[in-house]
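Novice: All residue numbers for the sequence shown refer to the numbering used here, where the first residue is 222 and numbers rise by one. All residues carry an ideal CB built from backbone N, CA and C; glycine is no exception. Quick one: the structure is below, questions incoming.
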Amino acid sequence: MSSCQPGLCDPAGGPAWASDAEKAEAEGYPVIARLFRATGDAEAKHAEDEWAVLQSMGATARPVAETPTVGTTAQNLQAAFEGETYEYTVMYPGFLATAQAEGMTDAARIFNLAMRAENVHADNYADVLANLGDAAYLNAAYAVVYRCPVCGEVVTGRPGRCPICGASGESFVMYYTPIRKVTLNASALTTLAKKAALRLIPTVIPGDGAVTGPITYSSSNDKIAKVSADGLLTAGTTAGTAVITCAVTSIYGTVLKATITVNVK
222 MSSCQPGLCD PAGGPAWASD AEKAEAEGYP VIARLFRATG DAEAKHAEDE
272 WAVLQSMGAT ARPVAETPTV GTTAQNLQAA FEGETYEYTV MYPGFLATAQ
322 AEGMTDAARI FNLAMRAENV HADNYADVLA NLGDAAYLNA AYAVVYRCPV
372 CGEVVTGRPG RCPICGASGE SFVMYYTPIR KVTLNASALT TLAKKAALRL
422 IPTVIPGDGA VTGPITYSSS NDKIAKVSAD GLLTAGTTAG TAVITCAVTS
472 IYGTVLKATI TVNVK
């Protein structure tokens with residue numbers, strides 16, 4: 222068999238990423254868990270592509286990944302960064318050179334795409350490591366991550382086309398935490414004096430890592446109580462009741478609502 226075959230025997234790191242994701246969840250890093258899962262799925266895609274080439278060369282025994290060693294989230298991130306850096310600076314360049322020298326175009330294409338994707342993975346881990354103590358940054362920067370289904374690039378914004386393989390951005394797989402519930406800082410039945418005001422503050426559950434679109438407010442009767450675009454509820458001069466609705470749009474377009482009934486006296 223070709224001397225290139227051993228270069229195709231790098232098994233997926235999926236088990237390691239899954240364990241690292243679980244550890245990150247347990248330590249209160251939902252967005253880091255999301256990054257581990259997206260990257261693990263990318264590594265699994267690399268392994269599937271490489272196994273397909275191996276089979277075309279007559280291989281029958283598939284390589285098996287080692288049982289992962291799981292440390293703290295910080296330790297796992299450091300190990301992931303070092304592993305990805307080794308892959309895109311040493312391992313895949315070597316595999317690619319051998320494949321090109323032997324005229325194995327399919328293997329060379331796979332190695333080239335994987336090498337460039339691993340570079341992006343390493344950059345992601347370096348960024349997260351550098352900002353591990355900044356929850357606000359991590360929750361904003363990695364609220365949503367996208368994975369290219371072709372080359373395995375993992376990014377924080379959906380591109381028009383993948384800069385590595387050219388795949389359509391619409392095909393990218395999105396990883397995020399869906400919102401499940403919206404509540405308001407007011408009782409279900411709230412009484413206000415005429416012309417009184419109350420600032421409504423919505424709480425989105427889950428909080429960390431939840432992704433929302435626009436937040437809008439509406440009143441069933443503006444004469445009794447109206448609410449501004451930023452949630453300032455103001456009672457009118459007419460007594461009566463009005464239903465106030467806060468609507469939160471998820472990134473997939475699903476709308477969750479919280480309502481209160483305002484009684485103006």
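Identify, in the order they occur along the chain, each residue of the same chain with its Cβ nearer than 8 Å to the Cβ of V349, setting aside the five sequence neighbours on each side.
Specialist: Counted from its first residue, the sequence shown places residue 349 at position 128. Hits under 8 Å: I253, L256, L298, L359, Y363.
Novice: I'd like to know whether the C-beta atoms of T482 and I465 end up nearer to each other than 9 Å.
Specialist: Taking the first residue of the sequence shown as position 1, residue 482 is located at position 261. Taking the first residue of the sequence shown as position 1, residue 465 is located at position 244. Their beta carbons are under 9 Å apart, which means T482 touches I465 by this criterion.
Novice: Which two residues bound the contiguous alpha helix (DSSP H) that contains I331?
Specialist: For the purposes of this step, residue 331 is identified with residue 110 of the sequence shown, where counting begins at 1. Note, I331: alpha helix (DSSP H), 326 to 351.
Novice: Where DSSP assigns a beta bridge to I436, which residues make up the other side?
Specialist: Locating residue 436 in the sequence shown gives position 215, where the first residue counts as 1. In the DSSP output, where bridge partners are listed per residue, I436 has V469.
Novice: Can the beta-carbon of V366 be found less than 9 Å from the beta-carbon of Y396?
Specialist: Residue numbering aside, residue 366 sits at position 145 when the sequence shown is read from its first letter. Residue numbering aside, residue 396 sits at position 175 when the sequence shown is read from its first letter. It is a contact, given that the beta carbons lie within the stated cut-off.
Novice: Under DSSP, the alpha helix (DSSP H) around T290 begins and ends at which residues?
Specialist: In the sequence shown, residue 290 corresponds to position 69, counting from 1. Element bounds for T290: n/a, residue is neither H nor E.
Novice: Ends of the alpha helix (DSSP H) at A318?
Specialist: In the sequence shown, counting from the first residue as 1, residue 318 sits at position 97. First-last of the alpha helix (DSSP H) with A318: 313 to 322.
Novice: Determine the extent of the beta strand (DSSP E) in which P380 is found, giving its start and end residues.
Specialist: Walking along the sequence shown from the start, residue 380 turns up at place 159. According to the DSSP assignment, P380 belongs to no beta strand (DSSP E), since it is labelled neither H nor E.
Novice: Per DSSP, which residues does S389 bridge with? Please list them.
Specialist: In the sequence shown, residue 389 corresponds to position 168, counting from 1. Note: S389 sits in a beta bridge opposite R382.
Novice: Which value, in whole angstroms, describes the spacing of the CA atoms of V425 and K402?
Specialist: Along the sequence shown, read from residue 1 onward, the residue named residue 425 stands at position 204. Along the sequence shown, read from residue 1 onward, the residue named residue 402 stands at position 181. Those two C-alpha atoms are separated by around 6 Å.
Novice: Determine the extent of the beta strand (DSSP E) in which T458 is found, giving its start and end residues.
Specialist: Here residue 458 refers to the residue found at position 237 of the sequence shown. Unbroken run through T458: none, as it is neither H nor E.
Novice: From E323, T412, R283, pick the residue whose C-alpha is nearest to that of A463; which is it?
Specialist: For the purposes of this step, residue 463 is identified with residue 242 of the sequence shown, where counting begins at 1. If we check each option's Cα against that of A463, T412 comes out closest.
Novice: Check this for me: beta carbons of T470 and P435, under 9 Å apart or not?
Specialist: The count along the sequence shown starts at 1 and reaches residue 470 at position 249. The count along the sequence shown starts at 1 and reaches residue 435 at position 214. In contact: T470 and P435 (Cβ atoms closer than 9 Å).
Novice: Once the 5 residues before and after A446 are set aside, which same chain residues still bring their CB inside 8 Å of it?
Specialist: For the purposes of this step, residue 446 is taken as the residue at position 225 of the sequence shown. Around A446: L413, S440, L454, T455, A456, G457, A463, I465, V483, V485.
Novice: For A418, which residues of its own chain have a beta-carbon under 8 Å away from its beta-carbon, when the five flanking residues on both sides are left out?
Specialist: On the sequence shown, position 197 is the one that residue 418 refers to. So the qualifying residues of the chain are L453, L454, T455, A456.
Novice: On the three-state DSSP scale, how would you describe R401?
Specialist: The residue given as residue 401 occupies position 180 in the sequence shown. DSSP places R401 in coil when its eight states are reduced to three.
Novice: Could you check what DSSP says for R258 in three-state terms: helix, strand or coil?
Specialist: Residue mapping note: residue 258 aligns to position 37 of the sequence shown, counting from 1. Of the three classes helix, strand and coil, the one that applies to R258 here is helix, per DSSP.
Novice: In angstroms with no decimal places, state the Cα-to-Cα distance between P370 and C467.
Specialist: Within the sequence shown, numbered from 1, the residue matching residue 370 stands at position 149. Within the sequence shown, numbered from 1, the residue matching residue 467 stands at position 246. Using only the alpha carbons, I get a separation of about 36 Å.
Novice: Count the other CB atoms within 10 Å of the CB of T290; is the residue buried (16 or more) or exposed (fewer)?
Specialist: Here residue 290 corresponds to residue number 69 of the sequence shown, with the count starting at 1. Exposed: under 16 other Cβ atoms inside 10 Å.
Novice: List the endpoints of the continuous beta strand (DSSP E) containing Y363.
Specialist: Looking up residue 363 in the sequence shown gives position 142. Segment: none, Y363 is in no beta strand (DSSP E) and carries neither H nor E.
Novice: Nearest to A409 by alpha carbon, out of T377, T480, G354?
Specialist: In the sequence shown, counting from the first residue as 1, residue 409 sits at position 188. Of the candidates T377, T480, G354, the one whose C-alpha sits nearest the C-alpha of A409 is T480.
Novice: Buried or exposed for G373, going by 16 or more other Cβ atoms inside 10 Å?
Specialist: As a first step, residue 373 must be located in the sequence shown, where it is residue number 152. Counting Cβ neighbours within 10 Å, G373 comes out buried, since at least 16 surround it.
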